[in-house]
Amino acid sequence: MASASKVVFILGAGPRIGISVAKRFLKDGYKVAIGKRNPQSLQDPELKDMYSVAVDVAQPSSVASAFKEVTENLGIPQLVVYNAALATFPADPTNPFDIAPDAFQQDIAVNATGAYTALHHATSGFLQLKEQDRTVAPAFIATGNLTPFMPNPLFVTLGTGKSALAYLINIANKAYKERGLRFYYVAKTSPEGGPPQVDGPEYAEAFLQIAKGELGGEGWEVRFTVNNEGNIVEKSH
1 MASASKVVFI LGAGPRIGIS VAKRFLKDGY KVAIGKRNPQ SLQDPELKDM YSVAVDVAQP
61 SSVASAFKEV TENLGIPQLV VYNAALATFP ADPTNPFDIA PDAFQQDIAV NATGAYTALH
121 HATSGFLQLK EQDRTVAPAF IATGNLTPFM PNPLFVTLGT GKSALAYLIN IANKAYKERG
181 LRFYYVAKTS PEGGPPQVDG PEYAEAFLQI AKGELGGEGW EVRFTVNNEG NIVEKSH
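For what it's worth, full-length UniProt numbering labels the leading residue of the sequence shown as 1, then goes sequentially.
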């Protein structure tokens, strides 16, 4: 069981990954906070012990307020999961730049700018935690996919945002690894290494293993799959 002092803050409460991550970490004894635009919509009885906070990740002031609220009510998050994402698809996949610039800007605000804002506040908290206890190993986990490495015109806004997110995580790992902070861009793959079927509980289990230091190691990019026995297996890339 995790120590009761461990706090995880999940930004983005999607019905597959975000909610699954919250349930898995609650089960493991973490204090769990989840941020979404409308937290009142969370009616799952399995989440009754979770702290919910309203946040619009596209607005830096909203992200700042959410981190402040979580810290004041639960403590400084030792683990932050950035799971927010937004995608606009072109009507014609062969003409990706037909997407309106305003829609592109809106998606980037969620996929990249919001992630930067979360990294800004998470890292500040992580450094405070390290000052209080040098043995803690704070971690920032970004829900990734393969779009930065396997470009597809259909995912022009999402892939651009995820590429920026992957770059930010790479930079964070380079800048803060020696200070004991951990940053991961995590993507599930098929057993062959291609795009997978998204499964929330599998992502949740992978994230928990990363938090415990059982998956990911010192690298920033983590790709995983699930073997025939249902176990999480890290994929080389």
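Ideal Cβ positions, reconstructed from N, Cα and C, are used throughout, including at glycine.
These figures come from a predicted structure and were not determined experimentally.
{"Asked": "Sub-7 Å separation of N111 and I17 beta-carbons", "Found": "no"}
{"Asked": "CA nearest to the CA of A187, picked from A33, V55, R223", "Found": "R223"}
{"Asked": "Euclidean distance between Cα positions of V226 and V198", "Found": "11 Å"}
{"Asked": "Sequence-distant residues of its chain with Cβ nearer than 6 Å to A203 (five each side left out)", "Found": "Here residue 203 turns out to be Tyr, not Ala, going by the sequence shown. I17, listed in sequence order."}
{"Asked": "Reduced DSSP secondary structure (H/G/I, E/B, other) of K212", "Found": "coil"}
{"Asked": "Per-residue burial, K36 [other beta carbons within 10 Å of its own, 16 or more giving buried]", "Found": "buried"}
{"Asked": "Proximity below 7 Å, CB of V70 to CB of A33", "Found": "yes"}
{"Asked": "Inter-stretch contact at 8 Å, needing at least 3 Cβ pairs: the segment 124-143 / the segment 174-182", "Found": "yes"}
{"Asked": "DSSP-derived helix/strand/coil call for K235", "Found": "strand"}
{"Asked": "Outcome for residue 239 when other beta-carbon atoms lying within 10 angstroms are tallied against a minimum of 16", "Found": "Look at the range of the chain in this structure, 1 to 237, and you will see that residue 239 is not part of it."}
{"Asked": "Inter-stretch contact at 8 Å, needing at least 3 Cβ pairs: the segment 45-53 / the segment 103-121", "Found": "no"}
{"Asked": "Residues near S3 by beta carbon distance below 7 Å, same chain, minus five either side", "Found": "Here S3 scores only 42 on pLDDT, less than 50, and its place in the model is too uncertain to base an answer on."}
{"Asked": "Anticipated Cβ contact below 8 Å, N173 with W220, distance rounded", "Found": "4 Å"}
{"Asked": "Proximal residues to M1 (C-beta, below 8 Å), its chain only, five neighbours per side dropped", "Found": "Unreliable positioning characterises M1 in this predicted model, as indicated by a pLDDT of 35, which lies under 50. The coordinate reading is nonetheless provided below. So the list reads D28, G29, once near-sequence residues are dropped."}
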